[in-house]
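Student:
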Amino acid sequence: MNTLANYYLTTQHLPNCNRSSSSGSSSSSPTQLPGPHHPLPPLLAKCTHVIQFKQIHAHILKKPHHRHHHTDSDLTQLVQSLLGPGSHQPHLDYALAVFDQIARPSAFLCNTLLRACALHGLGNRGIRVYHQMMLQDVEPDAYTYPFLLKACSDLGQGKAVHSLVLKHDALNSHLHALTSLVTFYCRCGDLGSARSVFDRMTQRNLVSWTAMISGYTKHMRYEEGLALFREMLLSGVEINELTLVSVLSACAHLGALDVGRRVHCYIHRNHVPLNPLIAAALIDMYAKSGRMDKASQVFQTAPVKSVSTWNSLIGGLAIHGNGREALERFQQMQMNGTKPDDVTFITLLSACSHSGLVEEGQQIFYSMGGDCGIQPNIKHFGCLVDLLCRAGRTEEAYRVMIDMPIEPNEFLWGALLNACARNGDVLLAENAMEKLVELEPFNDGNYALMSNIYAANRRWNDVGKVRRLMKDMQIIKNPGLSSIEVDNIVHEFMVADIKHPFPGEIDCTLEDLVMTIS
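In our numbering, the protein residues as written are 29 to 546.
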């Protein structure tokens with residue numbers, strides 16, 4: 029230990045910025061080590077380099093302490109300084125090494141380390157800190173498990189922490205700990221476990237309600253998210269911005285216009301500020317529910333038009349095939365001084381694709397890197413491929429996929445297969461299908477589409493081969509679903525649906541629609 033201390037106490041190991049130059053001048057003085065009664069915090073606050081911290085560490089180890097708690101106190105202050113604002117990976121690594129030398133760490137210090145491990149994505153090290161707590165009989169508190177869950181990198185680790193919470197009587201019903209479990213399970217996509225914990229909570233606050241609703245929305249279980257939102261309203265819990273954004277997202281994906289309108293009324297009635305996040309969510313909801321006029325109104329009244337607000341408007345215009353207007357809005361956005369991001373170009377390319385603006389779309393794609401410094405990702409290439417496929421330029425789309433620096437995924441090959449189905453290109457369809465069998469071998473839609481392509485070209489033997497392959501692999505064609513919102517409830521139905529409680533009403537409504545259209 030003394031060898032380590034002597035090594036770091038020498039000023040020759042200080043960084044250049046803290047050493048005197050040969051001329052005798054210096055940019056800053058070397059670290060002045062504390063005397064026997066000098067408090068550490070003021071000195072630690074001046075340290076900017078990990079080697080300076082190591083010098084103080086060496087001084088602590090050389091002090092002739094008579095009691096361990098003096099050393100523990102100094103080392104604790106050192107660890108807390110290493111994990112202060114602006115700390116980075118080397119500081120955390122060193123803080124963990126110092127932590128190992130503390131005989132009796134406090135729960136607060138352990139929690140601080142767990143939080144730092146979570147922020148740096150070091151789940152395994154967080155688990156190690158917790159095990160050390162247990163070995164040294166440090167009692168966890170209400171914040172230990174939430175920080176530990178944030179540090180967990182996979183579902184297995186989180187379930188292990190869950191079992192620890194259940195064993196800890198004082199925390200078994202603690203609101204903060206249980207809410208962290210709900211958030212963790214939602215983040216991992218285990219919504220069943222998240223809902224199980226949520227239902228077991230005797231108390232729920234805004235964070236726990238929002239975590240569960242957001243979890244449903246992020247994992248595309250929109251109906252359940254809206255149902256839980258109704259329960260939240262009945263419970264009387266105040267709603268915040270994140271809740272509203274999650275609910276509006278669910279409404280947008282379901283086309284639940286009536287519910288979305290009610291949320292908009294709630295925002296007006298309760299004087300909720302129309303910040304960029306809420307404005308973007310409202311624009312997206314109205315656009316996807318067929319009310320582009322209302323989406324434009326929200327955009328005009330938004331006091332701050334951020335890049336997300338512009339993206340929602342351009343994306344809405346793309347959905348409705350208003351490519352020219354989308355390009356005009358993009359020009360306005362640039363004139364406004366708002367810098368586009370990668371999402372902006374996805375919405376623009378989508379707008380060009382839905383409006384048949386092939387040359388304009390290609391020009392936008394190839395200008396991304398030069399004008400805005402944005403490198404195309406897989407989604408941008410997907411939009412370009414879709415643009416070319418919709419225009420019937422499948423060979424050109426195929427060349428883009430072969431030459432692109434990123435490996436094409438199943439969405440790109442699927443777009444090419446759909447385009448081949450439209451123009452009857454069997455050879456290119458077979459190439460696309462070969463890749464799709466590798467990437468998603470159990471996607472029933474791909475096999476059905478390939479079978480239809482063969483049938484359209486009267487290649488009945490190949491149709492039989494595809495169907496036999498589906499049978500051998502036990503792939504069953506799932507029927508497509510349609511949905512409609514009635515009295516704030518989204519109903520789903522399919523062709524020849526006999527399980528729905530109102531099949532007669534559905535048939536009559538469809539007949540009326542057909543008569544109206546014709």
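Just so it is clear, CB atoms sit at the ideal spot from N, CA and C, and this is done for glycine as well. These numbers were taken from a predicted model, which means no experiment stands behind them.
Return the residue from the list H202, S277, P404, S134 that minimises the CA-CA distance to L163.
Tutor: Selected option, being the one with the closest Cα: S134.
Student: May I ask you to verify whether the segment 441 to 453 touches the segment 477 to 490, counting CB pairs closer than 8 Å and requiring at least 3?
Tutor: Touching, yes.
Student: Return the residue from the list L272, A284, A280, S277 that minimises the CA-CA distance to T302.
Tutor: The residue you asked about is not Thr; residue 302 is Leu in the sequence shown. Comparing Cα-Cα distances from L302 to each of L272, A284, A280, S277, the minimum goes to L272.
Student: Taking the alpha carbon of L467 as the reference point, which residue from H292, W441, G220 has its own alpha carbon closest?
Tutor: Of the candidates H292, W441, G220, the one whose C-alpha sits nearest the C-alpha of L467 is W441.
Student: Assuming T375 and A346 are in contact, meaning their beta carbons sit under 8 Å apart, how far apart are those beta carbons, in whole angstroms?
Tutor: With a Cβ gap of about 5 Å, T375 and A346 count as contacting.
Student: Would you call K499 buried or exposed, if buried means 16 or more other Cβ atoms sit within 10 Å of its Cβ?
Tutor: Burial call: exposed.
Student: Have a look at A239 and N139 and give me their C-alpha separation to the nearest angstrom.
Tutor: Approximately 22 Å, taken between the alpha carbons.
Student: What's the gap between the Cα of P64 and the Cα of L176?
Tutor: Residue confidence is low: P64 scores 46 on pLDDT, short of 50, so the model does not pin down where it sits. Its coordinate-derived value is still stated next. One C-alpha to the other measures close to 37 Å.
Student: For K333, does the three-state DSSP call read helix, strand or coil?
Tutor: Looking at K333 - three-state DSSP - the assignment turns out to be coil, as it is neither helix nor strand.
Student: Going by CA-CA distance only, name the one from Y426, G264, K195, F439 that's closest to K407.
Tutor: Answer by Cα proximity: F439.
Student: Roughly how far, in whole angstroms, is the beta-carbon of S277 from the beta-carbon of A308, given that I think they are within contact range, below 8 Å?
Tutor: 10 Å between Cβ atoms; not a contact.
Student: The alpha helix (DSSP H) spanning R357 covers which residue range?
Tutor: Here the alpha helix (DSSP H) through R357 covers 351 to 363.
Student: Which runs of the alpha helix (DSSP H), 4 residues or longer, sit entirely within the segment 371 to 423?
Tutor: List check, alpha helix (DSSP H) in window: 386 to 395, 406 to 418.
Student: For a test of the three-state rule: what should DSSP assign to T366, helix, strand or coil?
Tutor: In this structure, T366 counts as coil in the three-state DSSP scheme.
Student: Does the separation of the CB atoms of A280 and M320 fall below 7 Å?
Tutor: Cβ atoms of A280 and M320: not closer than 7 Å.
Student: With respect to the alpha helix (DSSP H) encompassing T211, which residues constitute its N-terminal and C-terminal limits?
Tutor: It spans 203 to 216 - the alpha helix (DSSP H) in which T211 sits, taken as one unbroken run.
Student: According to DSSP, simplified to helix, strand and coil, what is H299?
Tutor: Looking at H299 - three-state DSSP - the assignment turns out to be coil, as it is neither helix nor strand.
Student: Please report the straight-line C-alpha distance between V126 and E167, rounded to a whole angstrom.
Tutor: For V126 and E167, the distance between alpha carbons rounds to 20 Å.
Student: Given a cut-off of 7 Å, decide if M229 and L254 are closer than it, judged by their beta-carbon atoms.
Tutor: No. Outside cutoff.
Student: Starting from L254, follow the alpha helix (DSSP H) in both directions and report where the run begins and ends.
Tutor: It spans 250 to 263 - the alpha helix (DSSP H) in which L254 sits, taken as one unbroken run.
Student: With contact counted as at least three CB pairs below 8 Å, one residue from each stretch, are the segment 320 to 329 and the segment 294 to 301 in contact?
Tutor: They do not touch, by the three-pair rule.
Student: Using beta-carbon positions only, say whether L341 and S381 come within less than 7 Å of one another.
Tutor: Cβ distance not < 7 Å, so L341 and S381 don't count as in contact.
Student: If S242 and L270 are in contact, beta carbons under 8 Å, what's the gap, nearest whole angstrom?
Tutor: Rounded, the Cβ-Cβ distance is 7 Å, consistent with contact.
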